[in-house]
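In full-length UniProt numbering, the protein residues as written are 1 to 397.
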């Protein structure tokens, strides 16, 4: 559903081999490019998914999955882990149903020729604009190049570009000065903790990945304007003011955020709450022209989508996709939007090797920094966070 390999394909045509890699790769934040312990993931696309079902990660990786993908780090039996890992194969089958569901024929800015975006009349520098026009429609878009071209301001430039590309600035009466101030505020929030991974480049990458999914697979014709606005907005802000540590770290250290949010989706709750608090300032609220019913729908969608980026909800989302196979049209629209954002958020294993390798290196750097802090505090080192014991290659799932 989400990936188009060849230019000869129509925008709605499914490349099943590549989707298999994307679906499985997106089920873990640091999957090896198209492989699980050396097994070819594409074996399970049209068959039983034996490669997916039979391979189970080693103990250290299983511990990380348990702590990350379940609430409050509860212990899960090995058999249960295997069942959960095997259930990921169902995502591939579900994708076929959604490919049909999302097809549409609406024309317009969002549903037009995604390979030839028009130069937007927005304040984007010429080098950055040329870079976005040349690559923003591609799955293997390099967000690091955008950050370099813009002086580490990828959120501002990607946000302006996408909001114009989908004609959202005019549709919702955004004032350019206020939109710029909002994007600058979001960018500053991502830089607050100096994270190697959860930073403004990651924000721009996730927003562009959502744009690719929307533009290439009929979603632009299926979503309402408010839903599309909420999706791109949520993608940009989903890790706002990320601390560079995990939810489990906040719970274990009894941090201020853990106390505020009662140990539940600590970071995700903060991301969305902090953004909406800042939007109480008129100078940072580009959506002050929304009618009250539209704003309520928009805010509800953004909250649901950002909270669903909590990795402890991962298996529930996969299960929902599996259950939707008989009647995909019954799946709530917000769940589909949340799944698109979730896929985009953890999609780098399904992209080019160079991008995946760089993101993995930066994620490991962030993990190791947390492990160093845990050692200083006398806490057990979280899985995959011990720089002296973690083997990067074997940590890939």
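Here a beta-carbon is modelled for each residue, glycine too, at the ideal position from N, C-alpha and C.
_Do residue 122 and residue 160 count as a contact pair if the criterion is CB distance below 8 Å?_
Residue 160 sits at position 160 when you count from the first residue of the chain shown. Residue 122 sits at position 122 when you count from the first residue of the chain shown. Yes, the pair counts as a contact, with Cβ atoms nearer than the cut-off.
*Could you tell me whether the Cβ atoms of residue 355 and residue 142 are closer together than 8 Å?*
On the chain shown, position 355 is the one that residue 355 refers to. On the chain shown, position 142 is the one that residue 142 refers to. Yes, Cβ-Cβ distance for residue 355 and residue 142 is below 8 Å.
_Which of the three DSSP states is assigned to residue 278 in this structure?_
Position 278 of the chain shown, counting from 1, holds the residue named residue 278. Looking at residue 278 - three-state DSSP - the assignment turns out to be helix.
*Give, in chain order, every unbroken run of the alpha helix (DSSP H) that is at least 4 residues long and sits entirely within the stretch 125-187.*
Given a length threshold of 4 residues, each whole run of the alpha helix (DSSP H) inside the stretch 125-187 is given here in chain order: 126-135, 143-149, 154-165, 168-171.
_Quick check on residue 380: does DSSP put it in helix, strand or coil?_
Your numbering for residue 380 matches position 380 in the chain shown. Reduced to three states, the DSSP call for residue 380 is coil.
*Could you round the C-beta distance between residue 146 and residue 128 to whole angstroms and report it? I think they count as a contact, below 8 Å.*
As a working note, residue 146 is residue 146 in the chain shown. As a working note, residue 128 is residue 128 in the chain shown. Yes, they are in contact, since the Cβ atoms of residue 146 and residue 128 sit about 7 Å apart, within 8 Å.
*Per-residue DSSP class, three states only, for residue 197*: By one-based count along the chain shown, residue 197 stands at place 197. Residue 197 falls in the coil class under three-state DSSP.
*Count the CB pairs spanning the stretch 147-157 and the stretch 186-197 that are closer than 8 Å, and state whether there are at least three.*
Yes: the two stretches touch, three or more of their Cβ pairs being nearer than 8 Å.
*asked:* 8 Å is my cut-off, CB to CB: does residue 278 come that close to chain C?
replied: Absent from the structure is chain C; it holds one protein chain and no more.
*asked:* Cutting at 6 Å between CB atoms, please list the residues of its own chain near residue 303, excluding the five before and the five after it.
replied: Taking the chain shown and counting its residues from 1, one reaches residue 303 at position 303. The residues are 272.
*From which residue to which residue does the alpha helix (DSSP H) around residue 295 run?*
Your numbering for residue 295 matches position 295 in the chain shown. Start and end: 292-307.
*Using a Cβ-Cβ cut-off of 6 Å (strictly less than) and excluding sequence neighbours within five positions of residue 345, which residues of its own chain qualify?*
In the chain shown, residue 345 corresponds to position 345, counting from 1. Cβ-Cβ distances below 6 Å link residue 345 to 206, 309 in the same chain, with the five nearest sequence neighbours on each side left out; the list follows chain order.
*What are the start and end residues of the alpha helix (DSSP H) that includes residue 225?*
Translated into the one-based positions of the chain shown, residue 225 becomes position 225. Start and end: 225-237.
*Taking 8 Å as the cut-off, decide whether the C-beta atoms of residue 307 and residue 298 are in contact.*
Residue 307 sits at position 307 when you count from the first residue of the chain shown. Residue 298 sits at position 298 when you count from the first residue of the chain shown. Cβ atoms of residue 307 and residue 298: not closer than 8 Å.
_Which same chain residues end up closer than 7 Å to residue 301 when comparing Cβ atoms and leaving out the 5 residues on each side of it in sequence?_
To locate residue 301, count along the chain shown from 1; it is residue 301. 227, 230, 334, 337.
*Which residues mark the beginning and the end of the alpha helix (DSSP H) in which residue 314 is found?*
Translated into the one-based positions of the chain shown, residue 314 becomes position 314. It spans 314-323 - the alpha helix (DSSP H) in which residue 314 sits, taken as one unbroken run.
*In three-state terms, what does DSSP make of residue 260?*
Counted from its first residue, the chain shown places residue 260 at position 260. Helix.
*Could you check how far apart the C-beta atoms of residue 200 and residue 180 are, in whole angstroms? I think they sit under 8 Å.*
If you number the chain shown from 1, residue 200 lands on position 200. If you number the chain shown from 1, residue 180 lands on position 180. 15 Å between Cβ atoms; not a contact.
*Who are the Cβ neighbours of residue 359 in its own chain at under 6 Å, not counting the five residues just before and after it?*
Walking along the chain shown from the start, residue 359 turns up at place 359. Excluding sequence neighbours, residue 359 sits near 348.
_In whole angstroms, give me the CA-to-CA distance for residue 252 and residue 133._
Position 252 of the chain shown, counted from the first residue, corresponds to residue 252. Position 133 of the chain shown, counted from the first residue, corresponds to residue 133. A straight-line Cα-Cα distance of about 45 Å links residue 252 and residue 133.
*Please name the residue, chosen from 174, 385, 234, 257, that lies closest to residue 208 on a Cα-to-Cα basis.*
Looking up residue 208 in the chain shown gives position 208. Per the Cα distances, 234.
*Under 8 Å Cβ to Cβ from residue 367, same chain only, skipping five residues before and after it: list those, please.*
Counting from 1 along the chain shown, the entry for residue 367 is found at position 367. Once the five neighbours on either side are set aside, the close Cβ partners of residue 367 are 382, 384, 385, 390.
*Are at least three pairs of beta-carbons, each pair with one atom in the stretch 317-336 and one in the stretch 254-265, less than 8 Å apart?*
These segments do not touch.
_What does the alpha-carbon distance come out to for the pair residue 377 and residue 174?_
Walking along the chain shown from the start, residue 377 turns up at place 377. Walking along the chain shown from the start, residue 174 turns up at place 174. Straight-line Cα distance between these residues: approximately 47 Å.
*Over the uninterrupted alpha helix (DSSP H) stretch that includes residue 336, give me the two end residues.*
Residue mapping note: residue 336 aligns to position 336 of the chain shown, counting from 1. In the DSSP assignment, residue 336 falls within the alpha helix (DSSP H) that extends over 333-345.
*Looking at residue 210 and residue 340, is the spacing between their C-beta atoms short of 8 Å?*
Here residue 340 refers to the residue found at position 340 of the chain shown. Here residue 210 refers to the residue found at position 210 of the chain shown. Cβ atoms of residue 340 and residue 210: closer than 8 Å.
*For the alpha helix (DSSP H) holding residue 221, just list the boundary residues, first then last.*
By 1-based counting over the chain shown, the position of residue 221 is 221. For residue 221, the enclosing alpha helix (DSSP H) has its first and last residue at 219-222.
_C-beta contact flag for residue 137 and residue 215 at 8 Å_ = Counting from 1 along the chain shown, the entry for residue 137 is found at position 137. Counting from 1 along the chain shown, the entry for residue 215 is found at position 215. In this structure, residue 215 lies closer than 8 Å to residue 137 by Cβ.
*Would you please state the rounded distance, in angstroms, between the beta carbons of residue 236 and residue 203? I believe it to be under 8 Å.*
As a working mapping, residue 236 is identified with position 236 in the chain shown. As a working mapping, residue 203 is identified with position 203 in the chain shown. Residue 236 to residue 203, Cβ: 6 Å. Contact.
_Using only CA atoms, which one of 264, 241, 158, 172 lies nearest to residue 248?_
Looking up residue 248 in the chain shown gives position 248. Answer by Cα proximity: 264.
*Could you say which of 325, 195, 60 lies nearest to residue 245 if we only look at CA atoms?*
If you number the chain shown from 1, residue 245 lands on position 245. The alpha carbon of residue 245 has as its nearest neighbour, out of 325, 195, 60, the alpha carbon of 195.
*What separation, rounded to the nearest whole angstrom, lies between the Cα atoms of residue 250 and residue 373?*
For the purposes of this step, residue 250 is taken as residue 250 along the chain shown, with counting starting at 1. For the purposes of this step, residue 373 is taken as residue 373 along the chain shown, with counting starting at 1. Taking the straight line from one Cα to the other gives about 12 Å.
*Pull up the distance between the alpha-carbon of residue 172 and that of residue 124, whole angstroms please.*
Against the chain shown, residue 172 aligns to sequence position 172. Against the chain shown, residue 124 aligns to sequence position 124. Each residue's alpha carbon lies about 20 Å from the other.
*What residue range is occupied by the uninterrupted alpha helix (DSSP H) comprising residue 251?*
Position 251 of the chain shown, counted from the first residue, corresponds to residue 251. Residue 251 -> alpha helix (DSSP H) spans 247-253.
*asked:* Using the Cβ count rule (16 or more neighbours within 10 Å means buried), how would you classify residue 67?
replied: Stepping through the chain shown from its first residue, residue 67 is reached at position 67. Taking every protein chain shown into account, the CB of residue 67 has 16 or more other CB atoms within 10 angstroms, so this residue is buried.
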